[in-house]
Ligand code: NAI
C-alpha cells in the first residue's frame, strides 16, 4: 500500500509499503493516486514527499503481476498525476530507485538521494524497456548519450553519478526523508513550470543521426540477437525526435513488440531461475531450508595455477582469511604477484583498499591445519588429487570441509581417500574464477547436507550463483557439452568447416562457437581427459570406440602440437601464440579433405538448420538424461548453469527453456530423425524422460518436475 501522513504541519508524506522492495503493485499505485489527490485537496499541505519504507525507495514494477490481468491504475497516468500536481513533489530516494521506481522519481518535481542509493533502469535485462515514460523522460532530463547508456545497458548508477548526470538534485549522507522534507518546504510556492520533465525539449544534438547509428551498432554487436536493447535505442530516438505524447505512443508500440517476442519471457524465466537454484534439494530429501551451513572464516586453496589464483582472489575479496598453498617455488612467486595485481585492480574499481593482508602464502600443505574449509585446485590428475586429499586428511583439524575444483572427476572416489567422506564436496568454479558468476556445487553419495549447505553458502558469500548438482562424469555443464562438441566434430567429418559451424552457433547467440571456444580453453585439456578415459589408444579402429562413432580429429590436431590459441594454431590459426584473433586456416581445410579421403567420407552440403539441431538437441537430450537421473533437481538448474557458465544466450533462457519454446514434440522428432541417420551415435537417441514428457502432452517447463517425480517413483 501507500500510506499518507502529514508531517511538519504542511508536508504530505507518502510512504510506499510493499516488502521487500516496495514494488509498484496495483494497491501501491492506487494508494499513490489517492494520496496525491488527498494532499492536493488539503489547503494546509504545501508540498509532498514520496519515500519507501525500510530504507528502500522503490524496486520498480511488481514482476509478480507480469502476465496477469491488469488491475488498478496503470503507471503512466499515476506519474502524470504526480507531475501535474500544483504543489511540489519530492522523491526521497533511499536504497534503490530501479525501473518503475526511477520512473516514479522522474515523475516527481525534485529528487533527493541518499549517498548509498543506487538508481537505474534495468528493464532491458528482462527483455523490456522502461515503458512507464522512462525512455521519454530520462533523455529529456540528462541528454541522449547518457540516457542511451543507462537504458540500453540497464546499469545501476551511484547517487554521486546520478547527481553528476543531473538525475537527482541533491545527495545527502543524513536522513533522506528529513532532507527531502526540508527541501520541499524550501521550494513550496515556487513555480513548477520548469520542473515537469515531460514538458522539457530533449537536449539538441547536432550529430543526432551519427549518435543513433553508433548506438545501434554497439547494441547489435553486444546483444547477440537480443531485441530489447535495439528497442531501447528506438525508444530514445523517439524521445529525441518526437513530441512527448507521440514518443509515449512509440514507447508503447515497442513495448508491445517486446512483450510478444518470447525473449522477455525467456529473460524473466532466467531471472526467476537464478533465484530458484538457491532453493536446492538432493535426491536423499535434504533441502536448503532444513540444512544449516557452517560459517567459514578461514579457507585454504591448494594449487595456485589459473583457477587457484582466481579462487584465492574471490575468497579474499569477500573478507575471508586465506592460506594459499603452491608447491612449485616459481609458480608461488608468480601467483603472489598475479593475485596481488588482481586484488589491487579490483579494489581500485570499487574504491576500497585491497585486502592483501587476508592472504598468507606457503609451499607447505601443513600450514592449512586451522582452516574451516579447503578448496583443492591442483592439476586434473586423479592420482595427484588423491594424494592431496590423503595429506589434507592428515593435517586438517576434524570437521574441516574438503572441496575440489575438479572439472569432472569422481567426487566419491576422492572422498574415499578421507576418513570423513561426508565432508567432501565439489566446488567447480569457472575461469576466470574471480569473475565468472557460476559455481557448480557437486555432492557425492556420501556428502552431508551440511557440507552442501556450507559450499552453497560460501558461494553466495563470494558473490556466485551456486547450483547444487549430483556426481557424474563432467557434472552438468561439461557432461552436456560433450555430445555438443562431438556433433560439431562429426559435422566437420561430413563436410562442414569450423568457421561455418561457429558462425551458426554465434548467430544463435553463443559468445563463441564450439571451435573458437575449444581453441580458447586449449585442445589439450579434452585430449588429456580422452586419454585418461582410454579413448586415445593406438590399434583401435580410427572412427569407432566401444561400438559407437568417435571422431579422432581433436586428437590428431593435438598430435601435431595444435593446442589452440596458446600454441598459435588449433581449429583456426593465430598470428602468434596467445593471440585471440582466429583466422580460417587453409592447412586445416586440406587436412580435413585428406582425412575424409582417407576414411572414404564424401563431403556434403550441410545447412544452418542441421548444425543447430544436431549440436543443440544432442546437448538438450543429455540435459533430459541428467534430469531423469536426478543429477539436477530441475530444468532451472541446468539453464542457470548454461547461461552463467557456457555463454548460452540469456534471451533464450537456457537449453531446457529453449526446448520448451521450440516444442518438445519437435525436439523429439528431430532427434529421432538424426538418430536414424546416425544409429552409431547414442547421444542422438531420444531419452526416456523426453519421450515421457511428450507422451504426457508436452507440459510447460514449470510442470516438468511433476513428470520427473513420476518417472523417479516408477524406477
Ligand atoms: P594449472 O595447471 O593452471 O594449476 C595447477 C597448479 O597446481 C600448478 O600451479 C601446480 O604447480 C599446482 N600443484 C600441483 N600439485 C600440487 C600440490 N601437491 N600442492 C600444491 N599445488 C600443486 O591448473 P588449473 O587450470 O588451475 O586447474 C586446476 C583444477 O581446476 C583442475 O582440476 C581443473 O580441471 C580445474 N578447472 C580448471 C578450469 C580451467 O578453465 N582451467 C575450469 C574449472 C576447473
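Numbering (my numbering), first residue to last: 46 to 760. Yeah, the Cβ is synthetic: ideal placement off N, Cα and C, and Gly gets one too.
Just the Cα atoms here: how many angstroms apart are residue i and residue j?
| i | j | result |
| --- | --- | --- |
| residue 104 | residue 141 | 6 Å |
| residue 301 | residue 69 | 20 Å |
| residue 273 | residue 376 | 45 Å |
| residue 585 | residue 591 | 10 Å |
| residue 698 | residue 99 | 33 Å |
| residue 707 | residue 280 | 30 Å |
| residue 757 | residue 675 | 8 Å |
| residue 761 | residue 520 | Lying before the first or after the last residue shown, residue 761 is absent from the chain, which here runs from 46 to 760. |
| residue 254 | residue 188 | 15 Å |
| residue 252 | residue 162 | 34 Å |
| residue 352 | residue 474 | 8 Å |
| residue 166 | residue 175 | 6 Å |
| residue 642 | residue 604 | 20 Å |
| residue 564 | residue 197 | 31 Å |
| residue 304 | residue 173 | 7 Å |
| residue 715 | residue 137 | 56 Å |
| residue 96 | residue 292 | 28 Å |
| residue 169 | residue 199 | 6 Å |
| residue 465 | residue 385 | 34 Å |
| residue 358 | residue 754 | 40 Å |
| residue 332 | residue 398 | 38 Å |
| residue 393 | residue 561 | 32 Å |
Let me check you understand the geometry: is the CB of residue i closer than 6 Å to at least one non-hydrogen atom of ligand 1?
| i | result |
| --- | --- |
| residue 451 | yes |
| residue 371 | yes |
| residue 422 | yes |
| residue 347 | yes |
| residue 351 | yes |
| residue 591 | no |
| residue 425 | yes |
| residue 440 | no |
| residue 376 | yes |
| residue 476 | yes |
| residue 433 | yes |
Can you tell which of the options has its C-alpha closest to the C-alpha of residue i?
| i | options | result |
| --- | --- | --- |
| residue 134 | 516, 84, 119, 121 | 84 |
| residue 248 | 297, 182, 226 | 182 |
| residue 245 | 636, 184, 560, 196 | 184 |
| residue 444 | 127, 540, 339 | 339 |
| residue 91 | 111, 53, 303, 117 | 53 |
| residue 647 | 537, 349, 67 | 537 |
| residue 193 | 162, 284, 222, 215 | 284 |
| residue 593 | 725, 630, 699 | 725 |
| residue 264 | 434, 276, 202 | 276 |
| residue 515 | 730, 640, 493 | 493 |
| residue 761 | 732, 723, 727, 696 | Within the shown structure, residues of the chain are numbered from 46 to 760, placing residue 761 beyond reach of any answer. |
| residue 559 | 51, 87, 681, 535 | 535 |
| residue 317 | 607, 358, 589, 111 | 111 |
| residue 414 | 370, 488, 679, 441 | 441 |
| residue 570 | 552, 556, 602 | 602 |
| residue 217 | 469, 156, 714, 312 | 156 |
| residue 744 | 680, 306, 78, 719 | 680 |
| residue 500 | 391, 469, 86, 518 | 469 |
| residue 296 | 180, 109, 506, 231 | 180 |
| residue 550 | 260, 270, 158 | 270 |
| residue 23 | 267, 130, 749 | Outside the shown range of the chain, which is 46 to 760, sits residue 23, and nothing can be said about it. |
Please confirm whether residue i has its beta-carbon closer than 7 Å to some beta-carbon of chain C.
| i | result |
| --- | --- |
| residue 261 | Note that chain C does not occur in the displayed structure, where there is just one protein chain. |
Stretch pair the stretch 339-346 + the stretch 525-533: three plus CB contacts closer than 8 Å: The stretch 339-346 vs the stretch 525-533: no contact.
The stretch 425-432 / the stretch 452-471 touching (three or more Cβ pairs under 8 Å): Judged by Cβ distances under 8 Å, the stretch 425-432 makes contact with the stretch 452-471, as three or more pairs qualify.
Given 8 Å, three or more beta-carbon pairs between the stretch 208-223 and the stretch 322-336: Not touching, per the Cβ criterion.
The stretch 685-700 touching the stretch 479-494, judged by at least three CB pairs closer than 8 Å: Short answer: they touch.
contact_flag[the stretch 652-659, the stretch 543-562] where n(CB pairs < 8 Å) is 3 or more: Contact between the stretch 652-659 and the stretch 543-562 is present, because at least three Cβ pairs lie under 8 Å.
Validate contact between the stretch 231-246 and the stretch 58-72 using beta carbons, cut 8 Å, 3 pairs: Between the stretch 231-246 and the stretch 58-72, the count of C-beta pairs closer than 8 Å stays below three; the two stretches do not touch.
Cβ contact check for the stretch 658-665 and the stretch 621-641: 3 or more pairs under 8 Å: Pairwise C-beta distances place the stretch 658-665 out of contact with the stretch 621-641, as fewer than three of them are shorter than 8 Å.
Every unbroken alpha helix (DSSP H) within the stretch 93-147, with a cutoff of 4 residues, ordered by chain: Correct list: 120-129.
Any 3 or more C-beta pairs closer than 8 Å across the stretch 359-371 and the stretch 393-413: Remark: three or more beta-carbon pairs, one from each stretch, lie closer than 8 Å, so the stretch 359-371 and the stretch 393-413 are flagged as touching.
Continuous alpha helix (DSSP H) assignments of at least 4 residues falling wholly in the stretch 577-623: Restricted to the stretch 577-623, the alpha helix (DSSP H) segments that are unbroken, complete and at least 4 residues in length are 598-604, listed in chain order.
Whole runs of the beta strand (DSSP E) within the stretch 465-499, excluding any shorter than 3 residues: The stretch 465-499 contains these whole beta strand (DSSP E) runs: 469-474, 483-488.
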